[in-house]
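Asker: Structure in structure tokens, see below.
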Amino acid sequence: MKIIILGAGQVGASVAENLVSEANDITLVDTSEEYLAALRERLEVRTVCGNAASPRVLREAGADDADLLIAVTQSDQTNLCACRIAKTLYNLPTRIARLRSTDYVDHPELLEDHNFAVDFSICPEQVVTDYIKRLIAFPEALQVLEFANGVVSLICVRAFEGGPLVGHPLKALRFHLPNVEVRIAAIYRNGEPIIPKGDTVILPGDEVFCLAATVHIRKVMGELRRSDRPMRRIMIAGGGNIGFRLAQSIEENYHVKILELNRVRAEMLASHLSHALVLRGDSTDEKLLENEGIDETDLFVALTNDEEDNIMSASLAKRMG
1417 MKIIILGAGQ VGASVAENLV SEANDITLVD TSEEYLAALR ERLEVRTVCG NAASPRVLRE
1477 AGADDADLLI AVTQSDQTNL CACRIAKTLY NLPTRIARLR STDYVDHPEL LEDHNFAVDF
1537 SICPEQVVTD YIKRLIAFPE ALQVLEFANG VVSLICVRAF EGGPLVGHPL KALRFHLPNV
1597 EVRIAAIYRN GEPIIPKGDT VILPGDEVFC LAATVHIRKV MGELRRSDRP MRRIMIAGGG
1657 NIGFRLAQSI EENYHVKILE LNRVRAEMLA SHLSHALVLR GDSTDEKLLE NEGIDETDLF
1717 VALTNDEEDN IMSASLAKRM G
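All residue numbers for the sequence shown refer to this note's numbering, where the first residue is 1417 and numbers rise by one.
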């Protein structure tokens, strides 16, 4: 398959690395010759240096006979414009765009063929936000994945002593929950996978993957462990795209505090958030965390753009809370 990837940053490089291993013909486009040169050294890819939204650059990249366009530059406008040009001038069959702004994500009609002609849109920040929200909703779960527009969920729960099903074979589940359709997809015991069967006995410490309707997830988790108390107080470190999205989506149902070091960004957050408390400060400042009640916080989420700060602040929050 002939694939054009627009953007040679972290996302574009990761996509290229995964697709080139599948014997695809990959062409990377970016304005940075430095990024492209670094990728050429370690991957068998063709590169074109230039504006990804330029018809000439797209033609040079082979848009006239490519099978797939993946637009993952840092600019939403560039990604959208490139998809429109690829469709109009080159009738490129499939176009995928990375979008970061809610201005576009919230209006899917803009992506239709008569507008920007995007077949599939990806918003990594929204994916992360939604995942964190699911973990907040189900604090007992290790993982939560949704399918069929949220109708069905796959959860991973660590079994604890005292759970009604713990110490019993899986076939007992149908008697415990006679009106709930649930499937045990997998069990991990001491890091090793076990194929679940009717006579498989759940032991304390097992990581159990369950598939059920989302409305029944709490009942299923209740068979494996006690329910944790609901989260009420949440502190978010970092007011970037993900931190802002998360705070905005949960502020009506939780007591939310968000820490942001940049003054201009903090002012923007304060003007756009109705209920969350915005604090200007460093999330690695022990005194600040103490003053803001980290010991009474149910969940601390580190979402700054600095991985080291995230690790440090999360470690501090765990030790102090």
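Even for Gly, the Cβ is constructed at its ideal location relative to N, Cα and C.
1. Mapping the DSSP letters down to three states, classify residue 1688 as helix, strand or coil.
2. Would the stretch 1646-1661 count as touching the stretch 1713-1724 if we require 3 or more Cβ pairs under 8 Å?
3. Out of 1446, 1437, 1438, which one is the CA nearest neighbour of residue 1421?
4. Less than 9 Å separating the beta-carbons of residue 1535 and residue 1500?
5. List the endpoints of the continuous beta strand (DSSP E) containing residue 1462.
6. Going by C-alpha to C-alpha distance, which of 1677, 1543, 1574 sits closest to residue 1696?
7. Go ahead and pull the three-state DSSP assignment for residue 1539.
8. Residue 1600 and residue 1809 - do their beta-carbons sit closer together than 9 Å?
9. Suppose you measure from the CA of residue 1607 to the CA of residue 1426; what does that come to, to the nearest Å?
10. If you count every other CB in all the chains shown that lies within 10 Å of the CB of residue 1658, and 16 or more means buried, which is it?
11. Once the 5 residues before and after residue 1553 are set aside, which same chain residues still bring their CB inside 7 Å of it?
12. Which first and last residues belong to the beta strand (DSSP E) in which residue 1418 is found?
13. Based on Cα-Cα distance, which residue from 1593, 1423, 1621 lies nearest to residue 1578?
14. Closest to residue 1556 by CA distance: which of 1433, 1638, 1590 is it?
Answerer: In terms of the structure at hand:
1. On the sequence shown, position 272 is the one that residue 1688 refers to. Per DSSP, reduced to three states, the secondary structure at residue 1688 is helical.
2. In short, these stretches touch, since the Cβ pair count reaches three.
3. Here residue 1421 is taken as the residue at index 5 of the sequence shown, counted from 1. Put simply, of 1446, 1437, 1438 the residue whose alpha carbon is nearest the alpha carbon of residue 1421 is 1446.
4. Within the sequence shown, residue 1535 is the residue found at index 119, counting from 1. Within the sequence shown, residue 1500 is the residue found at index 84, counting from 1. No, these two residues do not count as a Cβ contact at 9 Å.
5. Walking along the sequence shown from the start, residue 1462 turns up at place 46. Run containing residue 1462: 1462-1465, per the beta strand (DSSP E) assignment.
6. For the purposes of this step, residue 1696 is taken as residue 280 along the sequence shown, with counting starting at 1. Looking at 1677, 1543, 1574, the one whose alpha-carbon comes closest to that of residue 1696 is 1677.
7. Residue mapping note: residue 1539 aligns to position 123 of the sequence shown, counting from 1. In the structure shown, residue 1539 sits in coil (DSSP, three-state: anything other than H, G, I, E or B).
8. Residue 1809 falls outside the range modelled here, since the chain spans only 1417 to 1737, and no answer is possible.
9. Residue 1607 sits at position 191 when you count from the first residue of the sequence shown. Residue 1426 sits at position 10 when you count from the first residue of the sequence shown. If I take the Cα positions, the gap works out to 31 Å.
10. The residue you call residue 1658 lines up with position 242 of the sequence shown. With 16 or more Cβ atoms within 10 Å of its Cβ, residue 1658 is classed as buried.
11. Position 137 of the sequence shown, counted from the start, is the residue given in the question as residue 1553. Around residue 1553: no qualifying Cβ.
12. Within the sequence shown, numbered from 1, the residue matching residue 1418 stands at position 2. First-last of the beta strand (DSSP E) with residue 1418: 1418-1422.
13. As a position in the sequence shown, residue 1578 is number 162, starting the count at 1. It is 1621 whose Cα lies nearest to the Cα of residue 1578.
14. Stepping through the sequence shown from its first residue, residue 1556 is reached at position 140. Across the set 1433, 1638, 1590, the C-alpha of 1638 shows the shortest separation from the C-alpha of residue 1556.
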